Amino acid sequence: MAADSTLIVLDSSQRKRSDRLGERGFLYVTLAATLVAVGVLVAIAVKVFDLAAPAISKFGVGFLWSQDWNAVTNRFGALDFIYGTAVSSLVALAIAAPISIAIALFLTELAPKWLRTPVGALVEVLSGIPSVVIGLWGILVLGPIVESQVEPFLNSFLGWIPLFSGRYSPVGLLPAILVLTIMITPIVSSISRELLSRVPKEQIEGALAIGATRWEMIRGVMLPYVGPGIIAALILGVGRAVGEAIAVTQVIGTTAGIRSSLFGPADTLASRIASQYQGAVSNLQVSSLAYLAAILLVLSLLFNLGAQLIVRRVERSRG
Amino acid sequence: MSTLPTSANGPDVPPIFHVDRRLKRRKIVNRLMEGVSTLAALLAVAVLVLLVGSVVVRGASAFNGAFFTQVASGDFLNPAGGGIAHAIVGSAVIVLLATLIAVPVGVLVAIYTSEFARPQVAGIVRLCLDVLNGIPSIVIGIFIFGLLVVGRGQAAWIASVALSVIMLPLIARSTQEVLTLVPLTLREAALGVGVAKWRMVIGIVIPASLGGIMTGVSLAIARVAGETAPILFTSSIAVNQISTDVSHALQTIPVLIFTYSESPEPADHAKAWGGAILLIGFVLFTSVLSRMLMSRMKRRLEGGARGELLGRVTGLLGLFRRPSA
Amino acid sequence: MKKRSFVLGAAIAALGALALSATAGAATTRKADDSLLGGGSSFVSPLVSQWINDYGTKAGVNITYGPIGSGAGIAAVTARTVDFGASDAPLTADQATACNGCVQIPWALSATSIAYNIPGVKNNLKITGDLVAKIYLGTITKWNDAAITALNPGVTLPDLDITPVYRSDGSGTSYNFTDYLSKVSTDFASAIGKTTQPPFKVGVGARGSAGVSGIVAKTSGSLTYVDVAFALKNKLFFFAVKNQAGKYTLPGIKQIVAAASTVTSVPADNALSIVDPPKTNVDAYPIGTFTWIITPKSSKKAVTLKKFILYAISPFGQKLGLPLVFAPLPKVVAVAASKTVAQITQG
């Protein structure tokens, strides 16, 4: 064992000197590593904003609500992509949230014991499936199903809403939403499951003992207990969806513009960067794409701090 | 689709006395909601199973000797045949190098925050790591592209650096968590006999938590093995041959899947599905491995190994002729 | 204990082996000048892949080419991250300046096909540039539009929405296509203009020639513009396009040669456009294009690079293009190209 050799010490004065040096050296090495880690974070922010600087000074904050994205006139704006990002992530979240909580409840309360471990492990593994694989499935399997089944079905029931009208297509917002839903559901369910399993047993048994049905117990005891945690999990999930470039770019149809229908194509911040960063026509376009990245960076920071804040507040209130 | 409320109006456990009719209604609501949750859960699980199933069914047909040993046919008119050996090797090389960069840094950061830093400083570092972990990988991609690729060209080692940035917070955070699991008694026993803190960390804390650290590392490896966005900018114009030379761009499984997924060519799709099986298989493998490592570490800390570590501490006591703590 | 030491030992041994093999790999593949790295146009990539297979093995040169799109190819050679870029759009004045001493050399000649996927309809329907412009501007939205059916008597076109598919990355094919549409439609010229990244308001974007072909192959009612080789390879149907002489022509070798015959002299920067050739070229296909290799004038790999380009523009290289519908370079262009090659110096 390597560890043994460090512990074999013969002379005590020698030991003390080497200990002092070692102590200091070790501290400095670990401190240096920590500075590297923090430095990387700072460097990312500095570099991205530095790359974006020409676009920031040219377009200012107006970039955020300009719909222009035109390499010919060399004018750029982010609104179309902010819209695409918001709609795809938020709708995905709206679908994933109840399903994730249902999976978590199923796994902690409703499923027979023998089923919990295998299904739980499955969900765990699925949360690790790379997004490019989900994108591959999205473009080759899901897309055609969406075009031939899902969109006609939605249209026949809800066609009077503009969201569910228009021509059916294997690529577009709807496939992107479904792909993102599939990405975030396992993540949120496995966190929620973890949280639900931490609800104190006395509270659960107490509620059941005074005659509450299982659903009343879940609604009255479990959900309030884990609510903030689940909200934090959802925030992290939507953060993941917002930043997802690859799976989205494979299925969304990468077209700027704001369309009323979910069947039509769109584009997101991350997807636009993935498809155009290497082949940008002008320096201003490179810089504008970096501006999109800067928006993503700020969003990810907000999501993270938001989730942290919720978790901390809960931890504090529970002592 | 279920519409469970995400929050409720506080613990409104109903009173015990009810008329029969109300009880019946409550029971029906209960059955209904249980059914809806179960249905939603089963539906979601079914979709997820369908996803994995269709990857396996489509990908399995791509597996043959050539798939693992040959590179892609470079012939535009005859794209069938050949394999993805270059991408398998490229992914392995890039991920291994990223691991070599990220593990030492990540573990040292964890040691600093859990053993040396003041609580406020540790809190700030932890926050920084969480923020770093939340940064979309495409943003890390353009950061590394701007920093290392421009003026130098793509190279596999640059992709490794990009992946190591993604791994770093994962490893550091998981190691931090694991280090806190090492029982205080072990630390106190060692420190109490005058063993220097750094010797205590290297000799006792790290060995005791090695299984847990490896768990974090293997999960981080699984996560970056499927990363596409950062590699797209740093190692995508790749040689179509098996190579381990990190000074050139190397093909990787995720970039290959991404490229082939958009192709109209069925032979390309087959290779993409095959690559997808490899990635999913790898995730499965690491997830099983990490579970094993973690439970072994917990067992060791709770059972025999703890005794063994304590034994080593008492061995030191003998050496220093001090009374037992 | 033992088990863990074994695992650790194995891990260290594996890493050591990897490091060794990495250095060994570095030693074998990094001889001074025998490799080339290029990237850009996906239009020309089928031909480049044939060149790599043929010349690479014969000359023992290890050539890597990434079909990352013309825009990315120009950006990459400008940033000197590749030994050569390739583009189907000549450098703009700004790009030429930014590239800081680059030369562009025409090395292949082909055409952009307008490929479509309309269920139950025969190959080689007729279309005009003006109608294609209207489709991409969103003013024609149905396949049974009177203007399209009028051109194709005897063909029953379905009442199907048109999905125009375009390149979302910076693309020389987009340039060639918009160059042509801007010539034949003033509406198009003012709304979009010629560019490698057209800001289309309708349709669906995809990456690379493979990407647009992929979408068209599985989307009924779609059409796109793509290198003929990709359309043929993927068995996509494509239009016969009306030229100035009023003839509907297909993108074949003969029609491309006819279009290129308009070139009688080559400017100093080798920029050439052969879209919408004059009436006198009766057989010409109107959306043809040269495609260029772009290299720094002063290159570390000058010797290898020059040999490869000279091979590509030689009859040996050009004849590999025929099955992919790349026509041989006209003599005047080949001469200009080889003169430019001579300007590349060791740096």
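Chains as they are written, first to last, in our numbering: chain A, 1 to 319; chain Y, 320 to 644; chain L, 645 to 991. Each residue gets a CB set at the ideal place from its N, CA and C atoms; glycine is no exception. Given the structure is predicted, the values throughout are model-derived calculations rather than measurements.
Around PRO573(Y), the beta-carbon contacts reaching into chain A at under 7 angstroms are PRO130 and VAL132.
Secondary structure in the region 792-868 of chain L: the alpha helix (DSSP H) runs of 4 residues or longer, each lying completely within the stretch, are 816-828, 830-835 and 852-862 in chain order.
Looking only at THR840(L), SER864(L) and LEU781(L), the smallest Cα-Cα distance to ARG167(A) is reached by SER864(L). In the DSSP assignment, THR388(Y) falls outside any beta strand (DSSP E) and lies within the alpha helix (DSSP H) extending over 384-388.
Within chain A, no C-beta atom comes nearer than 7 angstroms to that of PHE386(Y); the closest sits roughly 16 angstroms away.
Scanning the region 243-312 of chain A from its first residue to its last, no whole beta strand (DSSP E) run of 3-plus residues comes out. When DSSP states are grouped into helix, strand and coil, PRO398(Y) belongs to the coil group. Look at VAL870(L) here: in three-state DSSP terms it is strand. Contact between PHE106(A) and THR357(Y) is confirmed by a C-beta separation of about 6 angstroms, below the 8 angstroms threshold. Taking a beta-carbon distance threshold of 8 angstroms, ALA740(L) does not count as an interface residue toward chain A. DSSP places TRP787(L) in the coil class of the three-state scheme, outside both helix and strand.
Close partners of ASN70(A) in chain L (Cβ separation under 8 angstroms): PRO843. Bounds of any beta strand (DSSP E) do not take in ASN768(L), whose DSSP letter is neither H nor E.
In the structure shown, the three-state DSSP call for PRO940(L) is strand. GLY852(L) sits away from PRO972(L), with the two beta carbons spaced by 8 angstroms or more. Under the three-pair Cβ rule at 8 angstroms, the region 905-925 of chain L counts as touching the region 813-831 of chain L. One thing to note: ALA307(A) has its Cβ no nearer than 8 angstroms to the Cβ of THR181(A). The secondary-structure analysis by DSSP pairs ALA508(Y) with nothing; it has no beta-bridge partner. Scanning PRO455(Y), ARG340(Y) and VAL468(Y) for the CA closest to the CA of ARG240(A) turns up PRO455(Y). Secondary structure of GLN473(Y) (DSSP, three-state): coil. DSSP, reduced to helix, strand and coil, places TRP69(A) within a strand of the structure shown. Against chain Y, the CB of TRP114(A) has no partner CB under 8 angstroms away; the residue lies outside that interface.
The beta carbons of THR840(L) and PHE687(L) sit no closer together than 8 angstroms.
One alpha carbon belongs to GLU244(A), the other to LYS617(Y), and they sit about 35 angstroms apart.
Ranked by Cα distance from GLN570(Y), the options ASN397(Y), ALA589(Y), GLU584(Y) and GLU546(Y) are led by GLU546(Y).
Beta-bridge pairing by DSSP links CYS746(L) to PRO940(L). Taking all protein chains shown into account, TYR760(L) has 16 or more neighbouring C-beta atoms within 10 Å of its C-beta and is therefore buried. By the rule that beta-carbons nearer than 8 angstroms mark a contact, ILE696(L) touches chain Y.
Under DSSP, GLN990(L) takes part in a beta bridge, and its partners are SER943(L). Here GLY849(L) is not near TYR819(L), since their CB atoms are 8 angstroms or more apart. Assignment of THR117(A) by DSSP, reduced to helix, strand and coil, places it in the helix class. Closest by C-alpha distance to ALA980(L), out of VAL910(L), TRP695(L), PRO763(L) and THR939(L), is VAL910(L). For ARG75(A), the beta-bridge partners assigned by DSSP are ASN70(A). Contacts between ALA861(L) and chain Y, judged by CB atoms closer than 7 angstroms, involve PRO583 in chain order. The beta-carbon of PRO54(A) is placed no less than 8 angstroms from the nearest beta-carbon of chain L. Exclusion of the five residues before and after PRO152(A) leaves TYR168 as the residues of its chain whose Cβ lies within less than 8 angstroms of its Cβ.
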